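Following: one structure in structure tokens, then a few remarks.
Number of protein chains: 2
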Amino acid sequence: MSSTATASAHANIALIKYWGNRDADLRLPVSGSISMNLGDLNTRTRVTFDSTLGGDTLTLNGQPQGGPGLERVRLLLERVRTLGGIEHFASVVSENNFPMGAGIASSAAAFAALSVAASAAAGLDLPERDLSRLARTGSGSACRSVPAGFVEWHPGTGHEDSYAVSIAPPDHWDLADCIAVVSAEHKATGSTQGHALASTSPLQQARVDAAPQRLEKCRAAIQQRVFAALAEVVELDSNLMHAVMMTSTPPLLYWHPPTIAIMHAVQRWRGQGIPACYTIDAGPNVHVLTEQSYAAEVERRLRKIQGVKDVLVAVPGGPARILP
Amino acid sequence: MSSTATASAHANIALIKYWGNRDADLRLPVSGSISMNLGDLNTRTRVTFDSTLGGDTLTLNGQPQGGPGLERVRLLLERVRTLGGIEHFASVVSENNFPMGAGIASSAAAFAALSVAASAAAGLDLPERDLSRLARTGSGSACRSVPAGFVEWHPGTGHEDSYAVSIAPPDHWDLADCIAVVSAEHKATGSTQGHALASTSPLQQARVDAAPQRLEKCRAAIQQRVFAALAEVVELDSNLMHAVMMTSTPPLLYWHPPTIAIMHAVQRWRGQGIPACYTIDAGPNVHVLTEQSYAAEVERRLRKIQGVKDVLVAVPGGPARILP
């Protein structure tokens, strides 16, 4: 016997960053974070619990996976089997429509889609917050790819109350994320190892202590749709995370030469009246947020910067969902 | 009547940085710092107190100066006139042998040479610590260009005990500073304004709180000549200062694309067994410290990096001194 379900989820870009866990196993973060789902960057995942399987299997973009990647998926499937009273192994087949390992947080979309597909295939009808908590245990930022649009992850006090909720629907604000791809290489240090280094920076505690004020400013800027206020807090928060990264032991310097060129350019453009701000995840690519009416102009300018290999443009996306 | 004296002083590169004052007028720093004089980068300054002058004058690299530059010099001359009981105005003629305004701390050498020349021209025979204190009031880091070789600036409790002392003579350790010049432009935000922004960063206090440990590590690495230990603390301290700069309001992002390219390259070279580490002042240029036996190889490699316009090489320098 077998039961199957397919789900899709979007990547998300953190506007207020997640960096550092207070519980690494449960991926309970040291502070809250806010993100926007990226409607044009999707992962589509099919999960099939099948009594004939001798073990869980994972196929990613057509390639069978083993090792730590499969192990992370297996741990999440174990949680679903426990919740659903299922004993069969599962095959997981997942595909992204965007490049992996270049700081576009492929694991967030992947674990959000996996959580939704696996729980449906297990016959569970979980509320959004439970799906978000489940996704969080696979990849912290995946909890933010479960709800729709603009999303806030409440750090909570434990596994029960650490999940993400939508703070505004996708059509609340016509923003666009112009992602300047400067490298499609795999990261030298992945996020999971990076989170573990956050506490070695002498700056991490100060960053965390001031997070509530940044969350408040970002939430207000989104709710009131004030781009200048969003730009200021988003760039500060990105710089704060990279400040912690580059002062941890060992230091993590994710920026490449074009990363800096884009940071300077975006600040220059804003001085010229273009609503644009940058934010950078654990990789060299730069996410340039703008209003949708400026997206074509921002994309055009980004493509002229030396070292920019491609530009992906995404608008606010909906929730993770079951596909028919 | 007139009295004249000429002095020279070296630029210095901070190994543990000075960023932020607790008293801006007296340039009393929030924490101590350690530097190395750069023996091949000099300022030569002649001061002449002259009863026929109707005001102080300043000529810098052959160009008459007015405005804030002259005003800073005038304030220092006032201190010297008070100390020496002199009423005449002075002409100051100063020349650097290195490019100005590109983060090579021209003001440090300039105010060290000015302090030594002006006090001699005023007939004062001040001990080194008094010359260092005097230089500090013109430009904080200038106090470190007064003593010889490897120098530590004790923050002190007030004007009386905030001065720099030599912790090792120039020949103590055969280091070289290979300065990769990536831009000779004037800084958009000078150090004096920058220091005033330091306290707006949520990270500054954490940087300052942990400064004593970094000073201790750096001092020990110099005293015991352990390059690996020096490299670790020097790069961390540089990154900490730039972390504060890029998270202040407004943010200061001094790095350019080649700055990042050099930071990555230096870390790669160290992995290959070359003793090299980077440190960056308030500008885009990168100071790459190495042992003198590796200086030619480091210079050769730096010149091959895109965006590097020139490389200056300096070895540890002596104190500010009167020229015959």
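Chains as they are written, first to last, in our numbering: chain A, 1 to 324; chain B, 325 to 648. Positions of the beta carbon are idealized from the N, C-alpha and C atoms, including for glycine. This one's a predicted model, so the numbers in the text were calculated from it and none came from an experiment.
Under 7 Å Cβ to Cβ from residue i, same chain only, skipping five residues before and after it: list those, please.
i, result
"B/T461", "L350, R351, L400, R403"
"B/M325", "S375"
"B/P582", "V506, I629, Q630, G631, V632"
"B/V557", "R538, K541, C542, A545"
"A/R303", "V311"
CB residue i to CB residue j, shorter than 8 Å?
i, j, result
"A/G149", "A/P169", "yes"
"A/N37", "A/V151", "yes"
"B/M570", "A/N96", "no"
"B/A436", "B/S469", "yes"
"B/S456", "B/P471", "yes"
"B/R549", "B/I358", "no"
"B/I503", "B/A585", "no"
"B/L382", "B/G393", "yes"
"B/C601", "B/R592", "no"
"A/A142", "A/L83", "no"
"A/A206", "B/Q389", "no"
"B/A488", "B/W477", "yes"
Can you tell which of the options has the C-alpha that lies nearest to the C-alpha of residue i?
i, options, result
"B/A620", "B/A348, B/R398, B/L499, B/S523", "B/L499"
"B/I598", "B/R625, B/Y578, B/G607, B/D605", "B/R625"
"B/V397", "B/S418, B/L377, B/G409, B/I410", "B/S418"
"A/V298", "A/G54, A/V266, A/A164", "A/V266"
"A/D56", "A/G67, A/V47, A/F89", "A/F89"
"A/H195", "A/T52, A/Q292, A/K17", "A/K17"
"B/A348", "B/P640, B/G482, B/E559, B/V635", "B/G482"
"B/T328", "B/P353, B/V371, B/R346", "B/V371"
"A/L114", "A/T279, A/R303, A/S91", "A/S91"
"A/N61", "A/F49, A/I86, A/P99", "A/P99"
"B/F373", "B/E411, B/I646, B/A555", "B/E411"
"A/Y289", "A/L230, A/A320, A/G67", "In the sequence as displayed, the identity of residue 289 of chain A is Leu instead of Tyr. Ranking the options by Cα distance to A/L289, first place goes to A/L230."
"B/A434", "B/L458, B/Q517, B/T513", "B/L458"
"B/E484", "B/D495, B/D634, B/Q596, B/R453", "B/R453"
"A/P325", "A/V234, A/P324, A/D171", "In the structure as shown, chain A begins at 1 and stops at 324. Residue 325 of chain A is therefore absent and cannot be evaluated."
"A/T189", "A/W255, A/Y294, A/V208", "A/W255"
"A/W19", "A/D209, A/S293, A/Y294", "A/D209"
"A/R321", "A/Q272, A/D125, A/S293", "A/D125"
Between which residues of its own chain and residue i is the CB-CB distance below 6 Å, once the five residues before and five after are set aside?
i, result
"B/A535", "S355"
"B/S431", "S463"
"A/T249", "T200"
"A/D237", "I16, K17, R214"
"A/L203", "A243, V244, T247"
"B/S515", "A606"
"B/L636", "I503"
"B/R346", "L352, V354"
"A/T264", "Sequence check: residue 264 of chain A is His here, not Thr. Answer for A/H264: no residue qualifies."
"A/G85", "none"
"B/I428", "A335, F422"
"A/P319", "P147, A148"
My assumption, with CB atoms under 8 Å, is that residue i sits in contact with residue j. Please give the rounded CB distance.
i, j, result
"B/L521", "B/L577", "Incorrect: roughly 12 Å between the Cβ atoms, too far for contact."
"B/A444", "B/A331", "7 Å"
"A/I280", "A/I222", "Actually they are not in contact, since the Cβ atoms of A/I280 and A/I222 sit about 19 Å apart, beyond 8 Å."
Ordered along the chain, which non-local residues of its own chain (more than five positions away) have a Cβ less than 8 Å from that of residue i?
i, result
"B/A552", "P599"
"A/E291", "D174, L175, A176, F227, P275"
"B/L647", "T330, A331, S332, R368"
- Could you say if the segment 359-378 of chain B and the segment 333-350 of chain B meet the contact criterion of at least three C-beta pairs nearer than 8 Å? yes
- Query: Residues in the segment 595-616 of chain B with C-beta within 7 Å of chain E's C-beta atoms, listed in sequence order?
  - Reply: Among the protein chains in the structure shown, which are A and B, there is no chain E.
- Kindly confirm or deny that the segment 500-508 of chain B and the segment 602-617 of chain B touch, where touching means at least three C-beta pairs closer than 8 Å. yes
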